[in-house]
Structure formats: structure tokens, C-alpha cells
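Residue numbers (our numbering): 8 to 114. Cβ coordinates follow ideal geometry from the N, Cα and C atoms, glycine included. Keep in mind the model is a prediction, meaning the values are calculated, not measured. Okay, structure first, notes after.
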């Protein structure tokens, strides 16, 4: 999306509003681009795989802003909890537990 002309970007957003929802501000990556990678013929299942494919987390903040949202999108698409999402392999768990019992989290 970052390299597209404004007209092409607007047309894509009209077709699918997920392309208008920016997840990574540093790299200008949309939710639609992340979903494309997750749903592709060669799907991605980890945060690092998304990072290599689409680049969220590669910018100035190194995922400080977009990381939790990427985890949430992956969990929703895989139909699992955010605690089951890994950084790079089965042993690189990102989230172990909620910090406040009974509190709703944004992740």
C-alpha cells in the first residue's frame, strides 16, 4: 500500500476497508496486507513470518505499536487465543497470561 498511487490505494480501500486500517504506522502496513499474508497459498503462522512477509515491526518502533495488533489479527485468523501465538517457533511464546485477572485486554 505504501508504494501505491493515491487513486489505486483509494480504490483498494473501497473494495475492502481492511486496507484502510493502518496497523503499522512506521511501515504503513494495513490490516488488509497482513490478512493477505495469513490467507495466502503459503500462509504464515508466526509474528516473525508476518514480519518477513509484510514488514510490520521493521520500522522505527520495532513493533512497539503494531506488535500487539499483529498478534491479535493472527489469533483471530487462526481461531486461537493470543497466548498461543508465537514469535518464531513453538517455543517462543509472546504472551503467557493476562496481567489483571478478570480485566478485558486489547490484545
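Checklist entry - Hey, which unbroken runs of the alpha helix (DSSP H) at 4 residues or more fall wholly within the stretch 74-104? => result DSSP runs (the alpha helix (DSSP H)) wholly in the stretch 74-104: 74-85.
Checklist entry - DSSP three-state call for residue 54: helix, strand or coil? => result helix
Checklist entry - Based on the DSSP output, what are the partners of residue 29 in its beta bridges? => result 37.
Item to check | Neighbourhood of residue 19 by C-beta distance below 6 Å, restricted to the same chain and skipping five residues each side | outcome: The answer, listed in chain order, is 26.
Next on the checklist: Tell me which residues share the same chain as residue 46 and place their Cβ nearer than 8 Å to its Cβ, disregarding the 5 neighbours each side in the sequence.
Outcome noted: 84
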